[in-house]
Amino acid sequence: MSAIASSVEIDCKGLNCPLPILKTKKAIDGMQSGEVLKMMATDPGSVSDMASWANRTGNEVVEHEEAAGTHTFYIKKK
Amino acid sequence: MAETKKLAIIASQGTLDWAYPPFILASTAAAMDMEAVVFFTFYGLPLLKKEIDAKVAPHTNPAMPMKMPFGSPGFQAFNWPVPNIISGNMPGFDNMATSLMKETFKKKGVATIEQLREMCQESGVRFIACQMTMEVFGFSKEEFIDGVEYGGAATFLEYAADADISLFV
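Protein chains in written order, with the numbering used here: chain C, 131 to 208; chain F, 52 to 220.
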């Protein structure tokens with residue numbers, strides 16, 4: 131379990147490209163700078179895609195963990 | 052981040068499979084803080100209709116896997132060898148293949164074309180309909196969703212001249 135506190139949580143399990151990215155963006159848009167979003171996804175492609183998305187948008191994936199096929203990302207809004 | 056990147060796409064195909072790339076790329080570009088324009092021309096134009104009726108035609112695409120979206124994992128993995136004489140001549144074959152593909156997409160958590168199109172519009176992606184194709188194929192603006200711009204090659208190229216990514220789909 132991660133100790134990172136998140137203010138918003140979204141569940142993208144079972145969704146495929148590009149939905150996890152689109153939903154992450156939507157959630158981030160509604161948050162304040164510095165807040166952390168917790169996003170869960172089962173799409174294996176989301177690992178590379180989240181990194182690329184963060185790279186371009188300037189938001190930061192502070193932690194990524196994987197357990198039983200579920201990827202959990204903690205994303206800090208820039 | 053430096054200046055806003057721009058994506059320009061020409062959507063020229065209206066089958067269910069080819070309808071996906073323009074909407075996936077444009078919505079994702081918007082989610083990555085890019086500007087995106089999709090220019091719909093020729094067979095891509097019906098993708099702007101209020102009711103999208105995109106289908107797949109397996110006999111035109113030998114690379115398309117013919118798999119079932121139900122049954123045991125082994126059954127689902129089996130690629131059915133359907134001869135062209137059947138896929139091209141049997142009435143209703145395209146409709147059946149279309150239903151199977153839609154069911155597979157749904158099961159795999161892939162958004163529908165309608166959902167992706169809506170998400171594009173929500174995030175500010177611009178849609179431009181080719182005026183010439185509308186005249187040629189006899190489409191009217193009333194058949195299309197709201198928020199569509201109308202223009203021609205010059206309208207697209209004016210934007211594409213400054214685009215960082217230009218794609219023809």
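For every residue, glycine included, the Cβ atom is placed at its ideal position computed from N, Cα and C.
Asked	Found
On the premise that C/V177 lies in contact with C/S136, defined as a C-beta separation below 8 Å, what is that separation, rounded to the nearest angstrom?	So it is not a contact: roughly 18 Å between Cβ atoms.
Contact check, F/I61 vs F/V220 under 8 Å by CB: the rounded distance?	7 Å
What residue does the alpha helix (DSSP H) around F/T111 start on, and which one ends it?	Taken as a continuous stretch (DSSP letters only), F/T111 belongs to no alpha helix (DSSP H), as it is neither H nor E.
Note down, in chain order, every chain C residue with its Cβ under 8 Å from the Cβ of F/S78.	P148 and L152
Would F/T206 and F/I179 qualify as a contact pair, given that the criterion is a beta-carbon distance under 8 Å?	yes
What does a CB cutoff of less than 6 Å around C/D141 pick up in its chain, not counting 5 residues either side in sequence?	M170
Would you mind reading off the limits of the alpha helix (DSSP H) that contains F/V187?	Q182 to F188
What number of angstroms, rounded off, separates the C-alpha of C/I205 from the C-alpha of C/R186?	14 Å
If I follow the unbroken alpha helix (DSSP H) through F/E154, where does it start and stop?	F144 to K158
What number of angstroms, rounded off, separates the C-alpha of F/P120 from the C-alpha of F/G160?	13 Å
Give me the subset of the segment 148-181 of chain F whose CB atoms are less than 9 Å from a CB atom of chain C, sorted by chain position.	F156, K159, G160, V161, A162, Q166, L167, M170, E173 and S174
So does the segment 74-90 of chain F actually touch the segment 189-201 of chain C, counting three or more Cβ pairs closer than 8 Å?	no
Sort F/C171, F/Q172, F/Q64 and F/A162 by Cα distance to F/A108 and report the nearest one.	F/Q64
Using a Cβ cut-off of 7 Å, which residues of the segment 82-100 of chain F contact any Cβ in chain C, in chain order?	A82, M83 and D84
Answer with buried or exposed for F/T184, where buried requires no fewer than 16 other C-beta atoms within 10 angstroms of its C-beta.	buried
F/I75 touches chain C at which residues, Cβ-Cβ below 9 Å?	C147 and P148
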